[in-house]
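Chains as they are written, first to last, in the working numbering: chain D, 8 to 219; chain F, 8 to 219; chain W, 8 to 219; chain H, 8 to 219. Cβ coordinates follow ideal geometry from the N, Cα and C atoms, glycine included. Here is the structure we will look at, set down as C-alpha cells.
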DNA sequence: AATGAATGAGATTTCATTCAT
DNA sequence: GATGAATGAAATCTCATTCAT
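This is the structure we're talking about:
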C-alpha cells in the first residue's frame, strides 16, 4: 500500500540527504546511479538490469557503484525510498490547510495523479517493488515514526464530520486504490487519462468517503 | 489492471481443465509443480526461487519440470493464467442476474475480496507479476476476446441509471482499486480485514459509483 | 583416411549382418534407426541430434533404441561401419579384373565418386566422424585384418610397372585425397561436378600415379 | 575445401594482430584461452571439452572466457580463423615469384605439408571443423573478398601453359586433397611422412596438373 | 577515489540413459 | 519387447562482487 507507505516514510533526512543539494560530485554520482537504475529497470525490467549495465549507462566503473551502495539490494532500496520522498513532496506541493475539506482532498488527490502521470517510471517502480522482501521490512520499520500531514488531514476530516467515520486504512484504500488502477490503465492499457476522467474519478472518490 | 484482465480471460476451459479431475498422474504432476512454485515464490520471492528448489520441494527431478513447461517463463505464465481462471470462477460463484443492482454488485465485490483473503498467495502472485512482460502481452491478446458477465453488469447498470455514467474503465478502477489496497493492508501491514470493514468498504465503493 | 579405412573394414559379416536381409522386424527397426540417425545428423548436425529426436523421427520410443545399440556411441559407430561397407560395395560394383590397369583404375575411382555424389549424407557423415575417438580406434583394430581387392590392385599395378613404385599409402593419398576435395566442393561450395570435370580429374589422378 | 578457404582468408591483419606482440596481459589471456582450447580439443575432442575444462587448464575462472568470447561457438570460430591465418602465413613463408612454375609449386606445396606436420593439432582442428555450420558461413562470406597469391599462381601457371587447362577448383582438389590424406596417414595411422615420401608425393602432384 | 578485469557460485536448461508399466 | 516419463549429472552462461592497479 503505497499511499500508506509513502506517508510513513516521511522521515528526517539522514546525513547523506543533508548533503543532497550540495554541489558535491559524490552525491551527483549517487543521483546519477539512481537515475540510470530507474531508467534501465523501467526499460529492461529488474531481471534485465545487471549492475554492469547500470555502470555502463552511468559512464562509470561497476566497482564505483559499490562506493555508494553496499550491494544491489541497498541500491534498489534507496531508489525506492528516494522515489517515495519525491512523491510525498509532490503531493504536498502548494498544499495549504485552508478551504473546504473537499477542496483540500481534491488538491492532494490530483497532485498525486498528476505526479504519477508525469513520472510513470517512478510509479511503475514503486508498484513493482512494493512486494520485494527488503522493501516491506523497511516500510514496517518506518511505519510508526511519522504522522504525515495527509494522515492528519484524514483524521481531521473525520473529526469534522466531513468524512465518514471509517478506519483510517479503509479511507486510504478507497482513495489510493483507484489512483493505482487508473494509472495502470493509463500506462499499460492505453486507457488515456483525460482531465475529465480525472475530475470524474476524483469526485467519485470523494463520494466514497464523504459524510452523507 | 487485474480486474479487467481477469474479466477478459473468462475463456472456455481447455483440454487440460477437462482432464483436471481425472486421476491422471501426468496432470497431477503439472498441478504439483504449479502449487510448489506458487508456495515458494510467495515464501522466497521470485528471485529466491530457482527451478532446482521447485523440483526439490515437489520431490521430483529438475528436468521433469521441463517436460511440463518449456522454460521458467512459461511456468510462471501458466501459473498466472491458472490463477486468473480461479479468480474469475470464484467471483462468479453463486452469482445470479437478479436482485437490485446494488445487491448484485455487493455479491461480486465481496466474492472477490473473500477469495483473495482465502488465497493470499494467489493474490500476491497476481499483483507481483502484473508487470512482467509476458503477462501484459497475454492480457492484450485476450483483451477483446471475451465480454464477461461482470462487464455486462457494469454496462447494464449504467444504462439502467443505477450507476453513474462514467467510462467503463473508471468504474473498474473505482471498484477494483480499493480491493487491492485493502488486501495489501490485510496481508502486509496487519491491518486486519474484519467483516465490518469489508462491508463498510463495499458500501463506500458503491457510493463512489452509484447514481445520485 | 577413409579410402584406407574403408578398404580394411571389408570384414566378414557378423551374425547381425547375416540376418540383415531377412525380413526380420528387429533388423528392420535397426536399419530404420540408422537411417533416421544419418538423416538427422546431416540435417541438424551431430550436436543437434539427441536420441529422443531420432526416436521421434523413427516413430519409436527412445528406450527402444537401447535394445539395438548399447549407447549413442555405439549407434554412431555402427552407422559408420555400415556406411563403410556400402561404400566398398559400391566401389567394387561391376568391377572385373580385366582390361588395362588404367581402365580398371578409372572404373574403381569413378565408382567411388559417383557413389558419393549419390550419397552425400553418407559422404559427409564419413568425413565428419573420421576423427571421432571411437572410430579411429576401431579403424586401427581392423587395420591389418583384410587386404581388399583394391589394395591388391594397387600392388599388382606397381609390380606390373603400370604404376609408379610409390609407397602404397602415398598412392592412396594421391587417388583418394582429390576425391574428398572434389566432393566437398560439389556439396559445400556449389562447384558442380560435371561429367567432364570428373573425367578430367580422373585422368589427372592417373597421371599422378602412372608409370612414366 | 580448406585450401580454398585458407587462400581467401588472407585478409589484412586486424587490430588484434597488431597489438599481438605487445606485452598486453589482456591479449595474452585471449591467446592463452585459444591455445588451451586447441590443445584440449585435440586431446579430448570437441565433445569432451567443456568450457570449465578450458578455464581450468588456462588457470582462470570460467566466467573470464566470456569476457573474451561471447560464447563457445565464437571461441571455436575465432580459433578457426586464427589458425587459417597462420596456415596462410606459413605457406607463403619465403615464397618469391621467381623460378620455374614447378619450383614455385614445390615451395608452396611443401611449405603447407611441413606446417601441418609441425602443427598437427592445428591441422586436425581445421579438418574437424570444416563442416561446422558457422565455419562454412564464414568461409562463404570471405570467399570472394581476397584473391590470394596462390590463386594467382594457379591462374598464371595455366595461362603460361605450365599447368593443364583445368578448372581452378579441380586443380585445388588435385593438389590439396593429397596433402590432407598424407597428413591423416602421418598423424593417425603411423604412416610416417619421410622427406622422401613428401618429395615423391609433391612430384606426383605436379605430374597430375602439369602441362603435358 | 575510481576503475573494470576477474572471479566463481549459482541459475537455467539439455539429454543420454533407466526402468516401471 | 516396446514405451516414454522421469531422472539428474553436466553443460553453458550470467552477474554480483572483489580487488589490484
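Note the first and the last residue of the continuous alpha helix (DSSP H) segment covering residue 70 of chain H.
Run containing residue 70 of chain H: 69–75, per the alpha helix (DSSP H) assignment.
Spatially closest choice to residue 215 of chain W from W/196, W/173, W/202 and W/199, by CA coordinates
Residue W/173 holds the alpha-carbon nearest to the alpha-carbon of residue 215 of chain W among W/196, W/173, W/202 and W/199.
Whole angstroms is fine: what's the gap from residue 36 of chain W's alpha carbon to residue 49 of chain W's?
Distance between the alpha carbons of residue 36 of chain W and residue 49 of chain W: 20 angstroms.
Contact list for the region 174–192 of chain D against chain F, Cβ threshold 8 angstroms
Listed by position along the chain: 174, 176, 177, 179, 180, 181, 183, 184, 185, 186, 187, 188, 189, 191 and 192.
Buried versus exposed call for residue 192 of chain F [16 or more other C-beta atoms within 10 Å across all chains shown]
Buried: at least 16 other Cβ atoms inside 10 Å.
Only counting the same chain, and skipping five residues up and downstream in sequence, which positions put a Cβ closer than 6 angstroms to that of residue 113 of chain F?
Counting only residues of its own chain and dropping the five nearest sequence neighbours on each side, residue 113 of chain F has a CB closer than 6 angstroms to the CB of 209.
Please report the straight-line C-alpha distance between residue 186 of chain D and residue 88 of chain F, rounded to a whole angstrom.
If I take the Cα positions, the gap works out to 25 angstroms.
Stretch pair the region 99–108 of chain W + the region 52–68 of chain W: three plus CB contacts closer than 8 angstroms
Verdict: no, contact absent.
Indicate the three-state DSSP secondary structure (helix, strand or coil) for residue 3 of chain W in the structure shown.
Residue 3 of chain W cannot be examined here, being either before or after the span of chain W that is shown, 8 to 219.
Just how far apart, CA to CA, sit residue 57 of chain H and residue 53 of chain D?
Between residue 57 of chain H and residue 53 of chain D, the C-alpha separation is close to 31 angstroms.
May I have the straight-line CA-CA distance separating residue 201 of chain H from residue 189 of chain H, to the nearest angstrom?
One alpha carbon belongs to residue 201 of chain H, the other to residue 189 of chain H, and they sit about 11 angstroms apart.
Counted within 10 angstroms of its Cβ, other Cβ atoms place residue 175 of chain W as buried (16 or more) or exposed
With fewer than 16 other Cβ atoms inside 10 Å of its own Cβ, residue 175 of chain W counts as exposed.
For residue 214 of chain F, go through chain D and note every residue whose CB falls closer than 7 angstroms to its CB, in chain order.
By Cβ distance, chain D contributes 214 and 215.
Buried versus exposed call for residue 195 of chain F [16 or more other C-beta atoms within 10 Å across all chains shown]:
By the neighbour-count rule (16 or more Cβ atoms within 10 Å), residue 195 of chain F is buried.
Please report the residue range of the alpha helix (DSSP H) in which residue 54 of chain F lies.
From DSSP, residue 54 of chain F is part of no alpha helix (DSSP H); its letter is neither H nor E.
For residue 119 of chain H, count neighbouring C-beta atoms within 10 Å of its own C-beta (all shown protein chains included) and say buried if the count is 16 or more, exposed if not.
Answer is buried; the Cβ neighbour count reaches 16.
Segment contact, 8 angstroms Cβ cut-off, at least three pairs: the region 117–135 of chain H with the region 120–133 of chain W:
Contact between the region 117–135 of chain H and the region 120–133 of chain W is absent, because fewer than three Cβ pairs lie under 8 angstroms.
From which residue to which residue does the alpha helix (DSSP H) around residue 185 of chain F run?
Unbroken alpha helix (DSSP H) run through residue 185 of chain F: 175–195.
Can the beta-carbon of residue 178 of chain D be found less than 8 angstroms from the beta-carbon of residue 160 of chain D?
No. Outside cutoff.
Where residue 128 of chain H sits in the DSSP three-state scheme
Helix.
Residue 40 of chain H and residue 73 of chain H look like a contact to me (Cβ under 8 angstroms); what is the Cβ gap, rounded to whole Å?
The Cβ separation is near 10 angstroms, so there is no contact.
Is there a Cβ of chain F sitting closer than 8 angstroms to that of residue 166 of chain D, yes or no?
At a cut-off of 8 angstroms between beta carbons, residue 166 of chain D makes no contact with chain F.
If the criterion is Cβ atoms closer than 8 angstroms, does the pair residue 211 of chain W and residue 168 of chain H meet it?
Between residue 211 of chain W and residue 168 of chain H, the gap from beta carbon to beta carbon reaches 8 angstroms or more.
For the putative contact between residue 51 of chain F and residue 138 of chain D, defined by C-beta atoms under 8 angstroms, what is the C-beta separation to the nearest angstrom?
A Cβ-Cβ distance of about 12 angstroms is found for the pair residue 51 of chain F and residue 138 of chain D, leaving them out of contact under the 8 angstroms criterion.
For a cutoff of 8 angstroms on Cβ pairs, would you count residue 77 of chain F as touching chain D?
Residue contact check for residue 77 of chain F against chain D: no CB pair falls below 8 angstroms.
Residues of chain W with a CB under 8 angstroms from the CB of residue 211 of chain H: which are they?
Ordered by position in chain W, the residues that pass the 8 angstroms Cβ test against residue 211 of chain H are 171, 173, 177, 181, 215 and 216.
Along chain D, which residues have their Cβ under 8 angstroms away from the Cβ of residue 63 of chain F?
Neighbours of residue 63 of chain F on chain D: none; closest Cβ ~21 angstroms, over 8 angstroms.
Strictly under 8 angstroms for the Cβ-Cβ distance: is residue 241 of chain W near chain H by that measure?
Residue 241 of chain W is absent from the structure shown; chain W starts at 8 and stops at 219.
Could you tell me which chain W residues have their CB closer than 7 angstroms to the CB of residue 121 of chain H, listed as they occur along the chain?
Per Cβ cutoff of 7 angstroms: no residues; residue 121 of chain H is ~16 angstroms from chain W at best.
7 angstroms Cβ cut-off: residues of chain H touching residue 97 of chain W:
Ordered by position in chain H, no residue passes the 7 angstroms Cβ test against residue 97 of chain W, which lies about 20 angstroms from the chain.
Residue 77 of chain D: buried (16+ other C-beta within 10 angstroms of its C-beta) or exposed?
Its Cβ having fewer than 16 others within 10 Å, residue 77 of chain D is exposed.
Are the beta-carbon atoms of residue 90 of chain D and residue 157 of chain D separated by less than 8 angstroms?
For the 8 angstroms CB-CB criterion, residue 90 of chain D and residue 157 of chain D do not form a contact.
Residue 215 of chain W: first and last residue of the uninterrupted alpha helix (DSSP H) it sits in
Residues 202–216.
Buried or exposed: which applies to residue 219 of chain D, given that a residue is buried once 16 or more other Cβ atoms fall within 10 Å of its Cβ?
Exposed is the call here.
Can you give the Cα-Cα distance for residue 136 of chain F and residue 80 of chain F, rounded to whole angstroms?
Take the alpha-carbon of residue 136 of chain F and the one of residue 80 of chain F: they are about 11 angstroms apart.
Pick out whichever of D/117, D/111 and D/83 has its Cα sitting closest to the Cα of residue 94 of chain D.
Nearest C-alpha to residue 94 of chain D: D/117.
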